[in-house]
Amino acid sequence: MSALSQIPSRASSPGPQAGPEAGSAVRAGRGGGPGGGPARARRFPRPDFWSGAGLPGLVFVVAAFVVPMAVVVVKSLTDPSPANYSAIFTSPLYQRSVVDTLQMALVVTVLCLLIGYPYAYAMARSGTAMRTFLMVALMLAFWTSLLVRTYAWQIVLNDTGLVNTALRDWLGLTSAPIHMIRTPFAVYVGMVHILLPYAVLALFAQLRSIDPDVERAAQVMGARPWRVFARVTLPLSLPGAVAGGVLVFVLALGFYITPQLLGGARQVYVGQAIMQQIEQFLKPGVGAAMAVLLFVAVLAVLGLAARFVGLGRILGVGMGRRR
């Protein structure tokens with residue numbers, strides 16, 4: 001007889017040593033009702049959505065989102081005509097704006113995931129004190145105004161700012177200031193700083209839901225730390241990476257303040273182009289059409305994520321129970 005066959009099963013029924021009380025407890029647990037019969041589940045009335053708390057929320061969503069979006073769609077088709085869309089698709093300026101926006105959103109998303117994953121991993125695997133410190137440091141970004149943070153990067157990255165001063169005066173690496181403000185580099189830096197917390201929180205929630213026993217089991221089986229990460233931790237954390245990436249990408253598509261203050265005149269992103277059409281060129285119909293196309297692009301990104309990863313899995317990030 002092998003050694004494994006001598007190990008008692010946890011799910012086995014109580015033996016004679018357990019006494020009649022244990023057997024009665026097991027029978028009571030199985031039956032649950034008087035006389036060992038099946039217990040009837042207590043049924044509660046199903047809440048009515050239309051008469052409960054769901055109706056005010058639905059009214060708010062319709063009033064704050066559906067109605068304004070419908071107005072924008074109607075505006076794009078009637079001011080002055082549906083030719084607004086053909087003007088967008090045939091204009092090289094609009095096409096360049098779309099390409100620059102997609103490129104910016106993609107670069108910012110990749111940088112947020114590359115920077116955010118180690119940070120989220122450190123938060124998930126550290127002790128309570130260090131985790132609290134890292135979380136507070138991360139949340140400082142949410143507690144500071146977006147406009148204030150963008151102006152702060154203007155001060156840091158300009159020709160007489162902290163970065164150029166350090167490179168020229170402290171380190172002696174340059175003899176003249178490096179022009180960083182009003183460039184795509186400045187936009188990337190500011191956007192990553194603003195959107196990084198969204199990626200970190202999504203990754204942290206997913207990493208915390210991973211059972212540590214799975215990683216320990218791989219180590220016991222002889223896997224090295226890098227192999228445990230590549231074969232166990234990384235695949236299990238992919239839903240968090242996808243959720244964070246989708247969230248960052250969608251938010252970056254419609255950003256206006258940071259590209260406007262840190263970017264240059266050569267890169268006009270979609271958010272800036274919409275504002276120009278409405279305020280400078282007095283073409284609200286074209287601006288509305290660009291807003292509709294931006295909304296369709298966001299829906300397309302969410303649809304692709306739902307198709308290849310599963311929207312329910314993305315929305316369920318962090319809902320797993322840590323053991």
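Under full-length UniProt numbering, the letters of the sequence shown match residues 1 to 323, in that order.
Even for Gly, the Cβ is constructed at its ideal location relative to N, Cα and C.
- Rounded to the nearest angstrom, the Cβ distance from residue 122 to residue 195 is 19 Å, too far for a contact under 8 Å.
- Taking C-beta atoms under 8 Å as the contact rule, residue 291 and residue 88 fail to qualify, at a distance of about 11 Å.
- With a contact defined as Cβ atoms closer than 8 Å, residue 262 and residue 190 qualify at about 5 Å.
- Straight through space, the alpha carbons of residue 178 and residue 161 are spaced by roughly 10 Å.
- Residue 237 counts as buried, since at least 16 other C-beta atoms from the protein chains shown sit within 10 angstroms of its C-beta.
- Rounded to the nearest whole angstrom, the CA to CA distance from residue 105 to residue 169 is 34 Å.
- The C-beta distance from residue 285 to residue 76 rounds to 6 Å, short enough to meet the 8 Å contact threshold.
- Considering only 187, 62, 305, 226, the residue with the shortest C-alpha distance to residue 101 is 187.
- Between the stretch 196 to 215 and the stretch 112 to 128 there are three or more C-beta pairs closer than 8 Å, enough to call the two in contact.
- Taking C-beta separations shorter than 8 Å and ignoring five residues to either side along the sequence, the partners of residue 111 in its chain run 188, 192, following chain order.
- Inclusion of residue 232 and residue 305 in the CB contact set at 8 Å is not warranted, their separation being larger than that value.
- With a contact defined as Cβ atoms closer than 8 Å, residue 257 and residue 147 qualify at about 6 Å.
- Where residue 158 is concerned, there is no enclosing alpha helix (DSSP H), because DSSP gives it neither an H nor an E.
- Residue 173: not part of any alpha helix (DSSP H); DSSP gives it neither H nor E.
- With a cutoff of 8 Å on beta-carbon distance, residue 136 and residue 199 are scored as not near each other.
- Around the CB of residue 90, fewer than 16 other CB atoms lie within 10 Å, so the residue is classed as exposed.
- With fewer than 16 other Cβ atoms inside 10 Å of its own Cβ, residue 280 counts as exposed.
- In this chain, the alpha helix (DSSP H) harbouring residue 191 covers 184 to 208.
- When DSSP states are grouped into helix, strand and coil, residue 283 belongs to the coil group.
- The continuous alpha helix (DSSP H) containing residue 119 extends over residues 92 to 125.
- If you draw a straight line from the Cα of residue 86 to the Cα of residue 294, it is about 15 Å long.
- Every alpha helix (DSSP H) stretch that sits fully inside the stretch 240 to 279 and reaches 4 residues is listed by chain position as 257 to 262, 270 to 275.
- In summary, residue 297 is buried, with 16 or more beta-carbon neighbours lying within 10 Å of its beta-carbon over all protein chains present.
- Your pair residue 182 and residue 264 checks out as a contact, with CB atoms roughly 4 Å apart and the cut at 8 Å.
- Sixteen is the threshold: when 16 or more other Cβ atoms of the shown chains lie within 10 Å of the Cβ of residue 277, as they do, the residue is buried.
- Distance from the CA atom of residue 217 to the CA atom of residue 113, rounded to whole angstroms, is 27 Å.
- Counting only the Cα atoms, residue 225 lies some 59 Å from residue 83.
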